[in-house]
Amino acid sequence: MHRSLTVVTPYKPSAWECELTSVGILHRFNKIPDGIRYGFILDFPSLECSQTPPYKDSIITYSDKFNEIVLREIHKGRYIGPFTLDIIKCSLGRFQSSPLSIIPKLGRPGKFRLVQNFSFPPSPTCSFPNPSINSYINSDHFPSTWGKFSVVLLLISCLPPDSEASTRDVAEAYRTVPLHPSQWPATVVQISETHGCIDTCAAFGATPSSGGYGHIADAGAELFRVHSIGPLDKWVDDHIFIRIRTVHLDTYNTNRSQWHHEIAGMGMQQTGGHIWYKGHILDNGSAEEFSEDCSHPLKDLLGFSPRSEHDKSFTYDLSDIDRLSSTLGIPWETSKDQPFNHSTMYIGFSWDLKARTVALSPEKVDKYLRAIHAWHKYPTHCLQDVQELYGKLLHTCSVIPHGQAYLIAFSDASSGFGIAITISQFWRAWRLIPGWATLGRNRDIAWAEAIGFELLIRTLASIFNIPSHAIVYGDNTSVVEGWWNGRHCNSEVNNVFCRIHTFLQQSPTVESILMRYVPSDDNPADKPSRGIFNDPCLLLPLVPVPDSISQFLVNATLPLTPQELRLHREGRYPHSSNKIIDRLKWQ
11 MHRSLTVVTP YKPSAWECEL TSVGILHRFN KIPDGIRYGF ILDFPSLECS
61 QTPPYKDSII TYSDKFNEIV LREIHKGRYI GPFTLDIIKC SLGRFQSSPL
111 SIIPKLGRPG KFRLVQNFSF PPSPTCSFPN PSINSYINSD HFPSTWGKFS
161 VVLLLISCLP PDSEASTRDV AEAYRTVPLH PSQWPATVVQ ISETHGCIDT
211 CAAFGATPSS GGYGHIADAG AELFRVHSIG PLDKWVDDHI FIRIRTVHLD
261 TYNTNRSQWH HEIAGMGMQQ TGGHIWYKGH ILDNGSAEEF SEDCSHPLKD
311 LLGFSPRSEH DKSFTYDLSD IDRLSSTLGI PWETSKDQPF NHSTMYIGFS
361 WDLKARTVAL SPEKVDKYLR AIHAWHKYPT HCLQDVQELY GKLLHTCSVI
411 PHGQAYLIAF SDASSGFGIA ITISQFWRAW RLIPGWATLG RNRDIAWAEA
461 IGFELLIRTL ASIFNIPSHA IVYGDNTSVV EGWWNGRHCN SEVNNVFCRI
511 HTFLQQSPTV ESILMRYVPS DDNPADKPSR GIFNDPCLLL PLVPVPDSIS
561 QFLVNATLPL TPQELRLHRE GRYPHSSNKI IDRLKWQ
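Counting from 11, one number per residue, gives the positions in the sequence shown under our numbering.
Okay, here's the thing in structure tokens:
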């Protein structure tokens with residue numbers, strides 16, 4: 011077996027090196043030119059022994075489609091082979107294949123995706139003593155930016171009027187990433203019981219593939235920005251390009267300069283494998299999130315290419331994207347191109363820049379409804395089924411906020427004592443009945459703190475003439491961040507969130523609530539939550555409380571109940587700990 015070690019990739023290494031050097035960002039992406047030339051090292055392991063687990067039944071079921079995929083990969087030079095497994099071992103030394111399966115692509119009849127399970131085996135066994143390839147690799151070592159929903163929502167919300175967007179997909183994105191020959195022993199593809207091929211490019215299913223490709227895509231996005239093609243963002247291979255009218259150029263650049271100033275003070279952030287740039291701190295305590303530092307002002311590229319009369323009023327057009335793409339060798343899947351328009355599809359959502367709305371695409375709605383109907387056909391489900399449906403429903407929650415709290419998870423329980431709320435100088439407190447944490451599943455201190463949040467909102471809406479958007483404070487980070495995320499790991503807390511969303515939908519005054527964290531020492535509700543009450547003249551009126559929580563609460567200004575008195579006599583009345591502390595901040 012012999013093949014030149016020349017890598018197979020559409021990217022042009024000298025062009026990347028020249029462009030990155032000329033704009034002064036080679037130091038950020040210094041591994042890319044040689045990675046394109048000689049292949050990237052993605053931390054695939056050295057192996058203790060050779061291991062070839064069998065492929066899945068779907069390979070036999072769709073054998074014709076599988077063979078087509080293998081032949082195409084060989085024809086494109088990305089697979090070397092086929093060879094007998096013995097010849098591969100003689101050439102590479104110890105190697106490991108990962109089980110193959112093939113699945114139809116949803117919504118694309120006749121199209122199939124080849125999947126390698128790089129996470130097999132879940133744990134070593136006598137038959138398969140090597141750990142999985144993925145178990146060796148930390149995805150945090152391959153970070154990249156993610157143009158996720160919240161980031162693009164912020165980007166679009168800040169656009170000037172009459173802006174347009176276009177979306178484009180990189181063709182076979184992971185397969186554009188060549189692997190260094192040292193990585194090949196971990197990427198062998200077993201195509202029969204006796205034969206296999208060597209995969210020389212990054213593959214779907216391997217932990218570092220997303221970040222490995224993402225690093226290249228980050229460099230490409232930054233080069234587009236330097237060349238005044240933007241603003242833009244990306245989610246893996248899916249890119250959204252936005253252009254503004256030239257009449258708004260100066261104003262928009264002024265805004266970008268301000269964002270850059272704010273971002274420069276915060277710096278680049280990395281959360282796991284996610285790179286992001288921290289901007290202005292919002293009222294709820296979270297920060298604006300960007301995929302760039304906004305350091306490059308936009309320019310009018312009218313003089314670089316001929317344009318239609320419509321395109322002349324914008325800063326750039328598709329030909330400007332194509333010109334730089336051709337230089338670098340970025341391959342677009344042109345059949346998926348969506349030309350510039352005031353609306354576009356991106357990451358499964360329909361974005362209307364003119365109406366300032368975002369919605370789940372009709373295709374996604376149909377897909378998810380079919381998944382729900384299929385779920386109901388069976389009385390039981392495996393973990394993978396649950397995870398797949400959960401992922402689909404979680405995707406919808408970006409545009410259906412009140413649906414997020416219906417997602418259920420589990421957590422341990424802990425103890426608590428009292429609940430208090432304060433609004434300005436006014437206050438109200440409740441005692442939790444003895445044994446409240448054992449009267450039902452998953453009621454812990456997070457649940458109690460969420461109840462305090464609910465009581466505060468109900469009191470605000472019932473008594474005070476507050477604005478449609480109010481800010482409240484709490485001292486429990488898990489509840490505050492759970493409200494930000496729209497879900498909590500405790501099912502009972504999620505039930506509280508559900509009631510709050512329903513209450514807000516029915517409220518004639520309050521439209522939304524922002525929640526912000528505040529340290530316990532800075533909250534005026536601390537003392538009443540521990541039974542140290544303020545002036546009774548400042549007591550807030552009681553408001554109606556749902557039966558589902560009233561059974562756990564006692565008005566803290568009333569005498570102890572017989573059960574509480576008995577526990578006092580026996581020395582078993584609970585001491586205070588981990589109190590609810592909530593207050594309203596007027597804006």
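Every residue gets a Cβ at the ideal spot worked out from N, C-alpha and C, and that includes glycine.
Between the CA atoms of residue 492 and residue 460 - distance to the nearest angstrom: Roughly 10 Å between the two C-alpha positions.
For residue 438 and residue 469, believed in contact at Cβ under 8 Å, the rounded distance: Sure, about 7 Å apart at Cβ, within 8 Å.
Beta-carbon proximity list for residue 272, same chain, < 6 Å, skipping 5 on both sides: Closer than 6 Å at the Cβ level, and outside the excluded window around residue 272, lie 289, 290.
Whole-angstrom distance between residue 174 and residue 351, CA atom to CA atom: For the pair residue 351 and residue 174, the Cα-to-Cα distance works out to about 5 Å.
DSSP-derived helix/strand/coil call for residue 156: In this structure, residue 156 counts as coil in the three-state DSSP scheme.
Residue burial classification, residue 1 (beta-carbon count within 10 angstroms, cutoff 16): The shown model of the chain, from 11 to 597, leaves out residue 1, and the question about it has no answer.
Helix, strand or coil at residue 290 [DSSP, three-state]: DSSP places residue 290 in the strand class (E or B) of the three-state scheme.
Same chain only: Cβ atoms within 6 Å of residue 79, ignoring 5 sequence neighbours per side: Taken in chain order, the residues that qualify are 124.
Per-residue burial, residue 65 [other beta carbons within 10 Å of its own, 16 or more giving buried]: Buried, because 16 or more other Cβ atoms sit within 10 Å of the Cβ of residue 65.
Straight-line Cα distance separating residue 190 from residue 293: Approximately 48 Å between the Cα atoms of the pair.
Length of the line joining the Cα atoms of residue 229 and residue 39: Cα to Cα, residue 229 sits roughly 7 Å from residue 39.
Local conformation of residue 19 per DSSP, three classes: When DSSP states are grouped into helix, strand and coil, residue 19 belongs to the coil group.
Sequence-distant residues of its chain with Cβ nearer than 8 Å to residue 18 (five each side left out): Listed in chain order, the non-local C-beta contacts of residue 18 below 8 Å within the same chain comprise 86, 87, 88, 188, 210, 211, local neighbours out to five positions each way being set aside.
As assigned by DSSP and simplified to three states, the class of residue 565: Strand at residue 565.
Of the listed residues 465, 523, 526, 205, nearest to residue 552 (C-alpha basis): The option with the nearest alpha carbon to residue 552 is 465.
Which residues DSSP lists as bridging residue 354, in chain order: According to DSSP, residue 354 bridges with 361.
Within the segment 106 to 139, ranges of the beta strand (DSSP E) (whole runs, at least 3 residues): You should have 110 to 114, 122 to 126.
Closer than 8 Å to chain C by CB, residue 352: Protein chain content of the structure displayed is limited to a single chain, and chain C is not contained in it.
Cα-Cα separation between residue 83 and residue 490, rounded to whole angstroms: If you take the alpha carbons of residue 83 and residue 490, they lie about 49 Å apart.
Neighbourhood of residue 29 by C-beta distance below 6 Å, restricted to the same chain and skipping five residues each side: 233, listed in sequence order.
Option in 110, 275, 274, 157 with minimal Cα separation from residue 206: Nearest neighbour of residue 206 by Cα position, chosen from 110, 275, 274, 157, turns out to be 110.
Buried versus exposed call for residue 61 [16 or more other C-beta atoms within 10 Å across all chains shown]: Burial state of residue 61 is buried, judged by a 10 Å Cβ sphere holding 16 or more other Cβ atoms.
Buried/exposed call for residue 59, threshold 16 Cβ in 10 Å: With fewer than 16 other Cβ atoms within 10 Å, it is exposed.
Length-filtered (3 minimum) beta strand (DSSP E) runs lying within the segment 153 to 226: Under the rule that a run must span 3 or more residues, the beta strand (DSSP E) segments found entirely inside the segment 153 to 226 read 174 to 179, 198 to 200, 205 to 209.
Cutoff 6 Å; reference residue 546; Cβ partners in own chain excluding five residues on either side: Here the set comprises nothing.
Rounded separation between residue 362 and residue 267 - CA only: Using only the alpha carbons, I get a separation of about 26 Å.
For residue 72 and residue 130, believed in contact at Cβ under 8 Å, the rounded distance: 19 Å between Cβ atoms; not a contact.
Three-state class that DSSP yields for residue 528 in the structure shown: Residue 528 falls in the coil class under three-state DSSP.
DSSP beta-bridge partners of residue 280: Paired residue(s): 285.
Given 8 Å, three or more beta-carbon pairs between the segment 135 to 146 and the segment 330 to 350: Taking a contact to require three or more Cβ pairs closer than 8 Å, the segment 135 to 146 and the segment 330 to 350 do not qualify as touching.
contact_flag[the segment 243 to 256, the segment 323 to 341] where n(CB pairs < 8 Å) is 3 or more: Verdict: yes, contact present.
Beta-bridge pairing of residue 243 - partner residues as DSSP gives them: According to DSSP, residue pairing for residue 243 in a beta bridge involves 250.
Anticipated Cβ contact below 8 Å, residue 183 with residue 246, distance rounded: Contact between residue 183 and residue 246 holds, with the beta-carbon distance rounding to 6 Å and staying under 8 Å.
Member of 155, 488, 127, 372 whose CA lies at the smallest distance from the CA of residue 525: Cα-wise, what sits closest to residue 525 is 488.
Residue 106 and residue 57 closer than 8 Å at C-beta: At the C-beta level, residue 106 and residue 57 come within 8 Å of one another.
Same chain, Cβ closer than 6 Å to residue 424, five either side skipped, listed in chain order: With a pLDDT of only 29 at residue 424, under 50, the local geometry of the prediction cannot be trusted, and the value read off the model is given with reservation. Result list for residue 424: 454, 455, in chain order.
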